[in-house]
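Novice: Heads up: the sequence shown is residues 972 to 1193, going by this note's numbering. A single structure is presented below for examination.
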Amino acid sequence: MSFKVLMAGRRTRGQTLSEHRHHMKSIHGKLVLDYIAADPENAPRRYVQNHVFDGIFPGGEGQPEPFALGLDFVTEIWAEDLAGLKAGRETEFYKTHLLPDEPRMVDPERVVGIPVDEKIITQPDREAPGRVKVFVFWHGALPALPPLRDALGASALAVLGQSRCTPAVPHPVKGVDIFRLPDEAAGLAFAQGARDAIRERLPAENGNFSIAIAHEYVLNAG
């Protein structure tokens, strides 16, 4: 079990997706790496960007706005605990360099932070080529893992790794399942199959969800 925060949201208004991705990875990402080098005690323990290239956003009650519109990114930031995450955002380096840069790539009104405890269900092979992730955000009830596995059926055979994130504090998002796939085609096929399986084989209480399909960029492996 590990602690991290998922930052899910939209790019800043008036910005192309290409501009957003360049700034997030090459400019903001470098600032994060500078932070880790300058203050490893307070900086993120591990830092991963996920650039969303497709998704399924069916709408529904209880979804924060960025999910209803469709996500542009999901960033994963690991820390020791909630207190460590908070401390990392109160340092002089963060306030001077990172905080002013965030609005240059992220719409502050359309970003959601989800502090979570993550449990690895299936450990991905470190040598596996997969750099695509499918995030399933549960806005309604979070299904237990056995019925979810049964519902996914054969579509889960392409999955290289899986983890489940449960909110560390009360949150509108009830949980997040993360699946690693080998490539874009497999990610899209799995997301479409998961959408149909959830709708057809799980109770209606599990039917309020969003799916984001993203390329993974591990900027700091920790």
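All C-beta atoms in this analysis are idealised placements derived from N, C-alpha and C, irrespective of residue type, glycine included. None of the values given here were measured: they were computed from a predicted structure.
Please state whether DSSP places Asp1078 in a helix, a strand or coil.
Specialist: Along the sequence shown, one-based indexing puts residue 1078 at 107. Here Asp1078 sits in strand by DSSP.
Novice: Curious, which full-length alpha helix (DSSP H) runs of at least 4 residues does the segment 1001-1081 contain?
Specialist: Qualifying alpha helix (DSSP H) stretches, in chain order: 1036-1040 and 1053-1059.
Novice: Run through DSSP, which three-state label would Asn1191 get?
Specialist: Locating residue 1191 in the sequence shown gives position 220, where the first residue counts as 1. DSSP places Asn1191 in strand when its eight states are reduced to three.
Novice: Could you tell me which uninterrupted beta strand (DSSP E) segments, each at least 3 residues in length, are contained entirely in the segment 1102-1135, listed from first to last along the chain?
Specialist: Entirely contained in the segment 1102-1135, the beta strand (DSSP E) runs reaching 3 residues are, in chain order, 1103-1109.
Novice: Using a Cβ-based criterion (distance less than 7 Å to any ligand heavy atom), does Met978 qualify as near the ligand PLP?
Specialist: Absent from the structure shown: the ligand PLP. Ligands present: none.
Novice: Between the segment 1006-1019 and the segment 1075-1092, can you find at least three pairs of beta-carbon atoms closer than 8 Å?
Specialist: The segment 1075-1092, when compared against the segment 1006-1019, does not touch it at the 8 Å Cβ threshold.
Novice: Quick check: the Cα distance between Arg1102 and Asp1154, rounded to an integer number of angstroms?
Specialist: Within the sequence shown, numbered from 1, the residue matching residue 1102 stands at position 131. Within the sequence shown, numbered from 1, the residue matching residue 1154 stands at position 183. Cα to Cα, the separation comes out at about 7 Å.
Novice: Can Ala1185 and Phe1024 be called in contact, C-beta distance under 8 Å?
Specialist: As a working mapping, residue 1185 is identified with position 214 in the sequence shown. As a working mapping, residue 1024 is identified with position 53 in the sequence shown. Yes, the pair counts as a contact, with Cβ atoms nearer than the cut-off.
Novice: Is the segment 1114-1126 touching the segment 1069-1076, taking contact as three or more C-beta pairs under 8 Å?
Specialist: Result no; under three Cβ-Cβ pairs closer than 8 Å.
Novice: Suppose you measure from the CA of Gly1055 to the CA of Phe1064; what does that come to, to the nearest Å?
Specialist: On the sequence shown, residue 1055 is found 84 positions in, with the first residue counted as 1. On the sequence shown, residue 1064 is found 93 positions in, with the first residue counted as 1. Looking at the two C-alpha atoms, the distance is approximately 15 Å.
Novice: Contact between the segment 1045-1059 and the segment 973-980 is defined here as three or more beta-carbon pairs at a separation below 8 Å; is this criterion met?
Specialist: Judged by Cβ distances under 8 Å, the segment 1045-1059 makes contact with the segment 973-980, as three or more pairs qualify.
Novice: Around the Cβ of Ala1162, are there at least 16 other Cβ atoms within 10 angstroms (buried) or fewer (exposed)?
Specialist: Taking the first residue of the sequence shown as position 1, residue 1162 is located at position 191. Buried.
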